[in-house]
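Residue numbers (this note's numbering), protein chains in the order written: chain A, 590 to 955; chain B, 590 to 955; chain C, 590 to 955; chain D, 590 to 955; chain E, 590 to 955. Every residue gets a Cβ at the ideal spot worked out from N, C-alpha and C, and that includes glycine. Right, one structure below, let's go through it.
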Amino acid sequence: MVIKPTRRHRNSHNQRRRVKPGTPPGTIAPDPNAQATKIRVMAYSPAAIHETDIQNVDQLKPLLQHWPVTWIDVTGLGTAQTIQELGQLFQLHPLAMEDVVNVHQRAKLETYTDHLFIVSRMCNPEDDVRTEQISLFLRQGVLLTFQERPGDCWNPVRERLRQARGRIRNSSVDYLAYTLMDAIVDSYFPMVDSLSDRLDQLDDEVTARADNSQMHRVHDLRGQLLALRRAIRPHREMINELTREDVALISPETRVFFRDCYDHVIQVIDLVDTYRELTADVRDFYMSSVSNRMNEIMKVLTIIATIFMPLSFIAGVYGMNFNPNIPWNMPELNLPFGYPLALLAMVATALAFLWYFKRKGWIFTN
Amino acid sequence: MVIKPTRRHRNSHNQRRRVKPGTPPGTIAPDPNAQATKIRVMAYSPAAIHETDIQNVDQLKPLLQHWPVTWIDVTGLGTAQTIQELGQLFQLHPLAMEDVVNVHQRAKLETYTDHLFIVSRMCNPEDDVRTEQISLFLRQGVLLTFQERPGDCWNPVRERLRQARGRIRNSSVDYLAYTLMDAIVDSYFPMVDSLSDRLDQLDDEVTARADNSQMHRVHDLRGQLLALRRAIRPHREMINELTREDVALISPETRVFFRDCYDHVIQVIDLVDTYRELTADVRDFYMSSVSNRMNEIMKVLTIIATIFMPLSFIAGVYGMNFNPNIPWNMPELNLPFGYPLALLAMVATALAFLWYFKRKGWIFTN
Amino acid sequence: MVIKPTRRHRNSHNQRRRVKPGTPPGTIAPDPNAQATKIRVMAYSPAAIHETDIQNVDQLKPLLQHWPVTWIDVTGLGTAQTIQELGQLFQLHPLAMEDVVNVHQRAKLETYTDHLFIVSRMCNPEDDVRTEQISLFLRQGVLLTFQERPGDCWNPVRERLRQARGRIRNSSVDYLAYTLMDAIVDSYFPMVDSLSDRLDQLDDEVTARADNSQMHRVHDLRGQLLALRRAIRPHREMINELTREDVALISPETRVFFRDCYDHVIQVIDLVDTYRELTADVRDFYMSSVSNRMNEIMKVLTIIATIFMPLSFIAGVYGMNFNPNIPWNMPELNLPFGYPLALLAMVATALAFLWYFKRKGWIFTN
Amino acid sequence: MVIKPTRRHRNSHNQRRRVKPGTPPGTIAPDPNAQATKIRVMAYSPAAIHETDIQNVDQLKPLLQHWPVTWIDVTGLGTAQTIQELGQLFQLHPLAMEDVVNVHQRAKLETYTDHLFIVSRMCNPEDDVRTEQISLFLRQGVLLTFQERPGDCWNPVRERLRQARGRIRNSSVDYLAYTLMDAIVDSYFPMVDSLSDRLDQLDDEVTARADNSQMHRVHDLRGQLLALRRAIRPHREMINELTREDVALISPETRVFFRDCYDHVIQVIDLVDTYRELTADVRDFYMSSVSNRMNEIMKVLTIIATIFMPLSFIAGVYGMNFNPNIPWNMPELNLPFGYPLALLAMVATALAFLWYFKRKGWIFTN
Amino acid sequence: MVIKPTRRHRNSHNQRRRVKPGTPPGTIAPDPNAQATKIRVMAYSPAAIHETDIQNVDQLKPLLQHWPVTWIDVTGLGTAQTIQELGQLFQLHPLAMEDVVNVHQRAKLETYTDHLFIVSRMCNPEDDVRTEQISLFLRQGVLLTFQERPGDCWNPVRERLRQARGRIRNSSVDYLAYTLMDAIVDSYFPMVDSLSDRLDQLDDEVTARADNSQMHRVHDLRGQLLALRRAIRPHREMINELTREDVALISPETRVFFRDCYDHVIQVIDLVDTYRELTADVRDFYMSSVSNRMNEIMKVLTIIATIFMPLSFIAGVYGMNFNPNIPWNMPELNLPFGYPLALLAMVATALAFLWYFKRKGWIFTN
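Okay, structure coming up:
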């Protein structure tokens, strides 16, 4: 198993603000590395659907007048002018437009007189820790979405629109907004499942045998779960606000669907919190396994040292060169059976220690 | 004692969503492994009871008209068509029907204009960690329950219905709903008791002698308690909502009973939280026992090494082969009583170290 | 000091429910081991007091009519019939009666139209961890109390009643209820004091010298504090509800007294929480002492081994049997002063290591 | 640095209740060790001040009638009769009077119809952990304060009264109450500063070199911070209540001052909580330093043992006494250059191990 | 990398109160080390701007009458008289003026009848842990700011005023207040980014190789994050209060901007909390790496000792000097091939231990 580099998820904790301090609020200053802005429009009525890429913001006006629901899907935040023109066309608040291009926002809902501004964060299955900021503006008949990069979790929604499956083509724009938010929230489940699989495998491995790389992986998992928690947690309050009765742009029928979406957010948060607790448990288990291993190693060392040190000492005594001709000096050396007796003494000493260790429960136990 | 495999409870943290992302909301897509759907009906009045298995949803209509209370008990969520027909017959919300078959929901209450939708999770004594999702729809005169598998904790309720024990046959359908919820909540007690027994035994074993397998079991217990907490905790809010006065379908008399049920939920949560704290205490105790053991092992090693190393050194010195004929070279070897004096020096050294260890409190103390 | 067996307090976390699952709610099924029920009545007016043991519930009626305040003190929950008759006499709710005999309840207050039902838990000085459930029914002019066993903390109250000390005989029944609740809450103080004494002693012992039994006792104390916290904590909300203005049976004068009682509960909870934090501190301190001890042991081992291993090696070299007659073979053995020089080399080596250890700060420091 | 005895602060967690269980509420039973009660009166108007010690409660009446503001400062709680007479003179509630002499109360505010009862705890700079209970009764024109012992933090206030500095003499009695409360809250700052100094010094010492006494001091500091937190925390709610608009005895002008006092309480709590987190950090840092030390010791031991054990073994081999006259028996002993070659082999072995340790990074690194 | 001295950030936890206890409230007693007070005025209308340094508070009056918005920027809190005159000119509350010079306040908002008093704390990029207190008084048409030292984060704002960029010159004084508060909150981001960089580097280093200095740095980082959290956290409530509708001096348009500022505060708090959790993770990871290293060291020691101790013992046995002429005494020494057989026995012993270690998984594994 390849261990994920830890640097990626750490950076995800702090998408740096690029706004130069002191810039007047509401300035749209895209990240110089941001991708060029592309606009794709899906406009539909129960009977028909029109899908087109547009180059110029002015092309939008006829579409808006003709179709009951228009979804303007903006990808790439690099072209300041296009974004500014969109903001002016729909009379969006400059602070909201600034938040669109500063892709470090927490999920939030802001209510303006004639539109809602929703910031959310999407999980990208290909980038397992950085989440992508999605901004939505919901107005009567128009949904404007901004995403950082091409590639999102909305293709099934687009397919449903094209094939007129379910009630989506017959519903108004707030139902489309719900459908997209639901897809965003559901994009967390595959990520959480993948972390869960890695955690399960890690738990099995630690149970089988603790080794050094596991601690790296626990550390890594904890960092990723922390990043995920930071991304998903603000959605709770945001979607909860959307289910309140005083939000004018959300119809009562759609409100029921947002309540379901809220349940999913709670479920993701609950899973992420549970997994963070589980990683803590795995870490504690790992530490105790390491302690146990150390204990076992020390036991082997102690047993060997404790048996052989006295034996070596006895051997050492009879290796001394005291002059045997002087009385009292090492008479054992000339004893008949001196050598076998010495060996016997050694065996007895070793057996005594073994008996002591057995009584202590250090050996011959499981 | 067999150690439970840890994989089972870990999986229980995340019953995976099977809904393909992008599916329109309200689609009923049962798990392909789900059991075929069976319907059992108990319809009763104070005077009589009628119990039958039905094959066809149409058979329900005459029963509903005839009996004041009908309990439609659906087991197995594998037959999408039957479930869909039930939803249409009672005009249930598609999102609720979707939740019925996606058996990963947290406990919750949803209020619709003419019915309540309750999701709950039952503890199965035979499957000690996975909980089973139970969905209930409560309408005037009808209670519709969905469970994943045959086998539940409701047989005593059925028996009371048949024998007309207590007030159950004389009460309306909300009392039946209470009785079933009460049985579900009470199904947690045997599980909690069994975990408590295992925790007690573990505590006793750790107190007697810490060994490696105990840490596995603490780790396992903690995982199971976490899973149990996730299952029971959302019941608190759900049942609390049922005791509020503005729930039209619950009569004031039954509300008192739900308050009692609420007390039981609080009690289960309190026990689970207490046991999780206790497992943390046991784990800390285990770790300190391991540390103490290590200390003891190190003490033995140190005592032996510290005594025998100097002794071996003395023996080594007198085993050197310096030519004794050269003056100043090892005159001790030719001393009268040299050997006994050397042995005496050794004994004195050993005693000196023993005295030092005794003063340090390393030996001859408890 | 005798170490308390840990089994007792652990069991106290889970007084097992004896109700067979599926029993109709409100069934009075006393624990088969419960003591036989005895009823003692104290009825009083400002002028007189009448104290009697009664055998039959019917004997109560004349007393109730005659005396302004009657305290019916029921001890032992083993006689189902007597308890049932009391419930019927005072028209108590069956669920409340069921709670009376299932002695595993958390403290709570339940308000019925004409009576209050209070569940509380009393600390028994003779049983240092299990708390005893006390149930009180407060009606106009009547206080009904149920306790599990003979022996309680109410004898001083009885004495005050008999001797008409203080305002108790001149007050109505709610003041009697307060007096009893106050005695129950105050029964926690001696227990908390005793745990505090044990904690103080433990802290002193750990400070003096960490040994293995202390960890057992910390573990034990933590378990007891957890049990105590579980018992006292629900009293906070319960007594707080009693001080609210909308409780009809409590007069405004008595409400002031309940506020004082509430302060005592807060104080007990505060002490128990503080002691749990202190035990955690003691445990951490213990663990660090054990680590320090280990360090000291390892230092001794390392110093001895590091000094004597090189010395023994030198001695070993000069114990080799190379043929001294072959040139270049061990000429030192025939050197004049070879032996003293070898000894000097050994002393120098030892001093070098001692100097190294001193520089490292391992020896000759406190 | 003298290490403070730990017993003192531990006792401060539990000022034991001396009330005999069962005593009627409102009984004034002073601690037998309490000091005799002394009364000092400061009565003032904007124009004049009258300061006197009185012996008899009756002497108060003329003063109360003459002066617009009277501060009755009672020191020592040992004379039950005097305290009782004061309570009767001002018609104070018996429960409040009982709290005055039971000096174990948490800070609180109680509102009676014509007076406020405030309990607070003062930090005594001479007694660094036990706090002293201060009780205040605030009535129209009269402030009654009770303290346990002579010596308090109010001398600067008295001086300001005598010298008519600031607005104190021109303000009514609620401003005096604020001034005293402010002095009490500010009495915590020197204590917190002293603990902060000790913590800073400890942190520096641990950074320089971890030794065993530091852990004692961390443990001690944690206990003292816990005691301080218990004392100050209830002041938050108490003073917050004093700033509410519905407290009749506090004028709107003085309310602004109490808001400032509230800010100070928040600041003390914030500091105490921060220091408790810092002590935890210092403890973790200490533990890691100890672990690191152990690692270093083990490394030295391992290096020495690993180098000298093989060397001693080689020396031991050539010290064997196999009969060199038998062929194949230790021909090395008779080799020319056998001895230098053996020494060379030893040096090579030692170098090999040193190279291994260097590669492992155990030596020649910082 | 230079390790920051820990003393600096620790002191920042407790900016000591310099007010002598007992001083009447509202006394302006600047810190004797405070810098002399300088006043710089920027007065502007949409059409023009006037910037000047003034020496005398009286010079302000004509400016205030002439210009619609006047920003009086006071730097240095050392000249008590100037500050007092400013307070009198604008009729500011004495307690607020006292807070201005006691630079240890937590961020807060106080509402007076005709002005707001805001206390905030600014992050100084040159002083990486101490934050500087900024006090703002907002009145109709006048903004009065006090800072401790020259140097702040407001130069871009001044530049925007001079160049009339954005809407700042066309807006009223509340927008200026917002702009300054926004700059203060944004001053935390560079600090947080720098701590994040240090944390990332530390994480990488610990992952590569745990060494002793890292623990110092983790300890240091934790202290700085704690200090930062203390500084920023009270801003949440303060700015939240500014966004409420009942604050008269903030216009609805500016309120939207303060909501944006509130989002930034939440983001800083979220980052600081996340980093504190991450430092805890890094610390745990460090500790586990140290444990693993210890394990590895112990393994090497044990392997070497366990192999060579038995070998040395065998060599020691054959080095004994038992008289070979006595029968049974060491006949091996005279055996043909005795020496090679002994060597073979040694090799066999060593191989046996190596096999044992391999089976244990101690060697020849990753």
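Practice problem: Take E/L791 and list the residues in its own chain whose beta-carbon comes closer than 8 angstroms to its own, dropping the five residues that flank it on each side. | Solution: These residues qualify, in order along the chain: Q803, R806, V807, L810, V871.
Quiz item: Can you name the residues of chain A whose CB is closer than 7 angstroms to the CB of E/D873?
Solution: Those are R872, listed as they occur along chain A.
Quiz prompt | Same chain, Cβ closer than 8 angstroms to A/P594, neighbours up to 5 away in sequence not counted | solution = Annotation note: pLDDT 37 at A/P594 (below 50); position unreliable, coordinate value reported separately. Cβ within range, chain order: n/a, list empty.
Quiz item: How about B/L727 and B/V658: are their beta carbons less than 9 angstroms apart?
Solution: If you check the CB distance, B/L727 and B/V658 do not come in under 9 angstroms.
Quiz prompt | Proximity test, Cβ basis, 9 angstroms: B/R844 and chain C | solution = no
Quiz item: Which residue's Cα is closest to the Cα of A/A934: A/P913, A/R948, A/Y907, A/Y945?
Solution: A/Y907
Quiz item: Count the other CB atoms within 10 Å of the CB of C/W660; is the residue buried (16 or more) or exposed (fewer)?
Solution: buried
Quiz item: Residues of chain B with CB under 8 angstroms from C/M686, in chain order?
Solution: Those do not exist, as C/M686 stays about 12 angstroms from chain B at its closest Cβ, beyond 8 angstroms.
Self-check item: Length of the line joining the Cα atoms of B/K947 and B/K888
Solution: 12 angstroms
Quiz item: Does the distance from the C-beta atom of C/L890 to that of B/T891 stay below 9 angstroms?
Solution: A Cβ-Cβ contact shorter than 9 angstroms links C/L890 with B/T891.
Practice problem: Report yes if the C-beta distance between E/T668 and E/P739 is below 9 angstroms; otherwise report no. | Solution: With contacts defined as CB atoms closer than 9 angstroms, E/T668 and E/P739 fail to qualify as a contacting pair.
Quiz prompt | chain E contact for A/I879 (CB, 9 angstroms cutoff) | solution = According to the sequence provided, residue 879 of chain A is Val. The question's Ile does not apply to it. Yes, A/V879 counts as interfacial toward chain E.
Quiz prompt | Simplified DSSP state of B/G905, which is helix, strand or coil | solution = helix
Exercise. Assign B/V936 to buried or exposed, taking buried as 16 or more other Cβ atoms, counted over all protein chains shown, within 10 Å of its Cβ.
Key: Classification for B/V936: exposed.
Quiz item: For D/E699 and chain E, any beta-carbon pair shorter than 9 angstroms?
Solution: no
Exercise. Could you tell me the boundaries of the alpha helix (DSSP H) in which D/H805 lies?
Key: It spans 801-831 - the alpha helix (DSSP H) in which D/H805 sits, taken as one unbroken run.
Quiz item: Cβ atoms of E/Q729 and E/V708: under 9 angstroms apart, would you say?
Solution: no
Quiz item: With distances taken between CB atoms, is the gap from D/M876 to C/S877 smaller than 9 angstroms?
Solution: yes
Exercise. Examine chain C for any beta-carbon lying closer than 9 angstroms to the beta-carbon of D/S901, and answer yes or no.
Key: yes
Self-check item: Spatial neighbours of E/A696 in its chain, beta-carbon cut-off 7 angstroms, leaving aside the 5 residues before and after
Solution: V708, S709, R710, P823, H824, M827
Self-check item: chain E contact for A/E737 (CB, 9 angstroms cutoff)
Solution: no
Self-check item: Helix, strand or coil at D/D859 [DSSP, three-state]
Solution: D/D859 sits in a helix when the DSSP states are folded into three classes.
Quiz item: chain B beta carbons: is any one of them nearer than 9 angstroms to that of A/L940?
Solution: It does not; no Cβ of chain B falls within 9 angstroms.
Self-check item: Every unbroken alpha helix (DSSP H) inside the region 747-808 of chain E [4 residues or more]
Solution: 762-775, 777-797
Quiz item: What's the C-alpha gap between D/V845 and E/V689?
Solution: One Cα belongs to D/V845, the other to E/V689, and the distance between them is close to 16 angstroms.
Quiz item: Where C/I757 and C/T641 are concerned, what is the direct C-alpha to C-alpha distance, given to the nearest angstrom?
Solution: Straight-line spacing of the CA atoms in C/I757 and C/T641 works out to 19 angstroms.
Quiz item: So which of B/L649, B/W944, B/A939 has the shortest CA-CA distance to B/F897?
Solution: B/A939
Quiz item: So, does the CB of A/N713 fall closer than 9 angstroms to a CB anywhere in chain B?
Solution: So, not an interface residue.
Practice problem: Taking a Cβ distance cut-off of 8 angstroms, strictly less, list which residues of the region 906-928 of chain C are near chain D, in chain order. | Solution: V906, G908, M909, N910, F911, N912, I915, P916, W917, N918, M919
Quiz prompt | For E/C742 and E/T768, the rounded distance between their alpha carbons | solution = Using only the alpha carbons, I get a separation of about 11 angstroms.
Quiz item: So is B/H808 in contact with chain A if we call contact Cβ pairs under 9 angstroms?
Solution: yes
Self-check item: Touch test, the region 770-785 of chain D against the region 856-869 of chain D, Cβ-Cβ under 8 angstroms, three pairs minimum
Solution: Enough Cβ pairs lie closer than 8 angstroms, so yes.
Quiz item: Alpha carbon to alpha carbon, what distance is there between E/Y928 and D/E921?
Solution: 11 angstroms
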